[in-house]
Amino acid sequence: MDVTLKGEKFQTNGPIPELGEYAPSFNLKNLKNEDVKLSDFEGEVVILSTFPDIETSTCARQTDTFNEKAKKLSNTTVLSVSTNTVEQQSAWGQSKEVETVLLHDSERTFAKTYGLYIERLDKIARAVFVLNRHGQIVHREIVKEMSGDPHFEEALSAARHEEAELN
């Protein structure tokens, strides 16, 4: 898939999971160097937020926004994935009350499995997936211009809808 960064075109590595499909499993490390697997969140609604670089204003805003807005959701976990190092992610979160789960894709396995890897930049494309309690993709947005924000409210609305289905 083609995405752009400030108008320059880049290609992601392959097919990206579609709406209605089950999200591919993964195993990444969190800030405490603990394994985090998608299966850990079975039975919960998941917002899976990917971004190129936590040290940029757009990526920090994306992570901040989902971190803040998801606090109002009762059965939703936000997993934020980037190719940043654990040190970069930790530095970003030091002065914040971070409830989102920050995951670093140091081996690029997540990015490649999800078809979001941009080899020329060695980054992951900006995307948001909302998964229902069974791990099925119920919302999918690949942000075409990586310097732009995702549609936060659309993802949060999908998560609220899935939470209502849990009751």
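Each position in the sequence shown, counted from 1, maps to that position plus 1 in my numbering. Glycine is no exception: its CB is placed at the ideal position from the N, C-alpha and C atoms.
Which of helix, strand or coil does DSSP assign to residue i?
i           : result
residue 150 : coil
residue 106 : coil
residue 41  : helix
residue 167 : helix
When burial is assigned at 16 or more other CB atoms within 10 Å of the CB, is residue i buried or exposed?
i           : result
residue 41  : exposed
residue 190 : This structure does not reach residue 190, given that the chain is present from 2 up to 168, and the question cannot be answered.
residue 152 : exposed
residue 63  : buried
Suppose contacts are defined by Cβ-Cβ distances below 8 angstroms. Is residue i in contact with residue j by that definition?
i           : j           : result
residue 90  : residue 119 : no
residue 20  : residue 76  : no
residue 105 : residue 79  : no
residue 49  : residue 71  : no
residue 155 : residue 142 : yes
residue 47  : residue 132 : yes
residue 125 : residue 83  : yes
Can we count residue i as close to the ligand SAH, meaning its CB is less than 7 angstroms from some heavy atom?
i           : result
residue 164 : With respect to the ligand SAH, the structure offers nothing, as it holds no ligand at all.
Residue i and residue j look like a contact to me (Cβ under 8 angstroms); what is the Cβ gap, rounded to whole Å?
i           : j           : result
residue 170 : residue 114 : Residue 170 lies beyond the residue range present for the chain, which begins at 2 and ends at 168; the question has no answer from this structure.
residue 59  : residue 148 : 6 angstroms
Give a yes or no on whether 8 angstroms exceeds the smallest Cβ distance from residue i to chain C.
i           : result
residue 114 : No chain C appears in this structure, which consists of one protein chain only.
Output the distance between the C-alpha atoms of residue i and residue j, rounded to the nearest integer angstrom.
i           : j           : result
residue 36  : residue 102 : 12 angstroms
residue 65  : residue 85  : 16 angstroms
residue 7   : residue 150 : 13 angstroms
residue 116 : residue 127 : 11 angstroms
residue 112 : residue 121 : 13 angstroms
residue 67  : residue 160 : 11 angstroms
residue 2   : residue 29  : 24 angstroms
residue 16  : residue 44  : 26 angstroms
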